[in-house]
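These notes concern the structure reproduced below.
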Amino acid sequence: MSPADVAKLILERDQYRVNSIQSSVLLKRKKKKNADHAGSSLWSIADHHSTAAASTLPAYTSAKTIDAGNYVVQVGIGSPKAEVSLAFDTLSSLTWTQCQPCAGRCYKQSEPIFEPTESFTYANISCSSQVCSDVERTTGRSSKCDISTCVYSMSYADQVFSAGYLARERLTLSSDVFNSFLLGCGQSNGGFTEGLSGVLGLGRDKLSIVSQTARKYESIFSYCLPSTTSLTGFLSFGVTNVKRLRNVVKFTPLISDTRFYGVDMTGISVGGRDLQISRSVFLRSGGMAIDPVAAITRLPPRAYELLRSEFRQALSSVYPEARGTSLLDTCFDLRRYRGNTVPKIRFYFDGNVEVELDFSAMFFFVNNDASRACLAFAATDRYTDFAIFGNMQQRTLEVVFDVPGERVGFGASGCK
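Numbering (full-length UniProt numbering), first residue to last: 1 to 416.
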């Protein structure tokens, strides 16, 4: 498969993901307006949680992947512990992994497929359990029964799916152990092509890992996505660096939504010039979802048009323009790239929060030789569609989710 074919597949899968986000947007959204939260550092929480537990897992992406934007951590499940590689996802809440005997189908994964019969802490959930009813809200699909065992099923718009038994099992995060953790033991799974075992659900539902570990980590987590496939970022639970949170991370309020983590965008600048985007452009979109899976940031059409125009104006006199793709329409030939010629892009969020994007966030390379380097942003289909903060633009940022405080923070240089 040629680099251009790989790029096409990545962008197609990315669009599936975007479609999933747009279809899940709730009509009723209520923004939390708390002036004490907006734009502040984490003083109050940092002081309160200075001795709270924390756990950090290395996060990486495979250099061989052709999937759009899966960042991965390893966790332990079962007794004795078995290591599994899970893609972390803020839109999903149920954590699942492939399980033997793969009664339906399983795809190839890097580690051995988990064998529940070899774990003395594994237990299926009965159909009569309240948790079996709860999983319907989490997955969006009705739970079923296999004799007396609760069965879950879920699918993602990027063609990943899983169905199997809902169970309780021991979960190990670094050195922290959680007994009776609710997860899916997948018997029929598909869609991943990079050897992953399943998904780690970071969503806002009560079955997510964020909720299930709240007593220890107090529903605070953060991640940093590395700038290249050769580097490592992290996924952390709890407060790991009080000093950094006080001095570096700035917070914007969360939009109240039961499905994903959304914030209000207020502006964009390119090369130090503020784009003349009416606030109504962002208000009509309803907000911006923070997503570690979708690769390309989606902006309201008018905002994207102004970003594209300013970026083209800055680069067209320096580099030859190149052929675009079906999604990315602003591309350049950067084979003769010279430093400090690409304008910096900054996002602005409610509460006077300013986020400067890393250089690695600017371009999606269609070809390996940089002959088709495309601006890694696109317009949403409709002006009322939710904007999406994609994982390319989040690279090297520390993104902190303070769920009890109903806010999200951004800190520069969280990782390389």
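The beta carbon of each residue, even a glycine, is placed where N, CA and C say it ideally should be.
- CA-CA distance, serine 24 to arginine 259, rounds to 7 Å.
- Taking the CA atoms as reference points, valine 355 sits about 43 Å from arginine 105.
- According to the DSSP assignment, valine 73 belongs to the beta strand (DSSP E) that extends over 72 to 77.
- In this structure, the beta-carbon distance from tyrosine 217 to threonine 90 does not fall below 9 Å.
- Secondary structure within the segment 157 to 244: the beta strand (DSSP E) runs of 3 or more consecutive residues, fully enclosed, are 161 to 173, 176 to 190, 198 to 201, 220 to 224, 233 to 237 (chain order).
- Bounds of the beta strand (DSSP E) holding arginine 407 are 407 to 411.
- In the displayed model, aspartate 5 falls within a helix according to three-state DSSP.
- Per DSSP, reduced to three states, the secondary structure at valine 281 is helical.
- If the five residues before and after cysteine 331 are omitted, its C-beta is found closer than 8 Å to the C-beta atoms of Glu321, Ala322, Arg323, Gly324, Thr325, Val366, Arg372, Ala373, Cys374, Leu375, all from its own chain and listed in chain order.
- Residue nearest to valine 249 within the set Arg170, Asp402, Glu136, Gly186 is Asp402 (criterion: CA-CA distance).
- A direct Cα-to-Cα measurement between serine 197 and alanine 289 gives close to 25 Å.
- Our two residues, leucine 94 and serine 211, have alpha carbons roughly 11 Å apart in a direct line.
- Around the Cβ of cysteine 145, a 10 Å sphere holds fewer than 16 other Cβ atoms; the residue is exposed.
- The beta carbon of cysteine 99 lies closer than 7 Å to those of Ile113, Phe114, Pro116, Gly164, Cys185, Gly186, Gln187 in the same chain, with the five residues before and after it left out.
- Annotated three-state conformation of phenylalanine 389 is strand, per DSSP.
- Counting along the chain, the unbroken alpha helix (DSSP H) around glutamine 313 starts and ends at 301 to 315.
- Annotation for cysteine 150: no alpha helix (DSSP H) segment contains it, though the beta strand (DSSP E) segment containing it runs 149 to 155.
- The secondary-structure analysis by DSSP pairs asparagine 124 across a beta bridge with Ala167.
- Contact between threonine 172 and glycine 76 holds: CB atoms are separated by about 3 Å, below the 8 Å threshold.
- Assigned with DSSP and collapsed to three states, phenylalanine 359 falls in helix.
- Aspartate 134 carries a helical assignment under DSSP once its states are collapsed to helix, strand and coil.
- Here leucine 183 is not near leucine 202, since their CB atoms are 9 Å or more apart.
- The C-beta distance from valine 281 to arginine 302 rounds to 5 Å, short enough to fall under 8 Å.
- For the pair of segments examined, the segment 119 to 139 was found not to touch the segment 54 to 62: the number of CB pairs separated by less than 8 Å stays below three.
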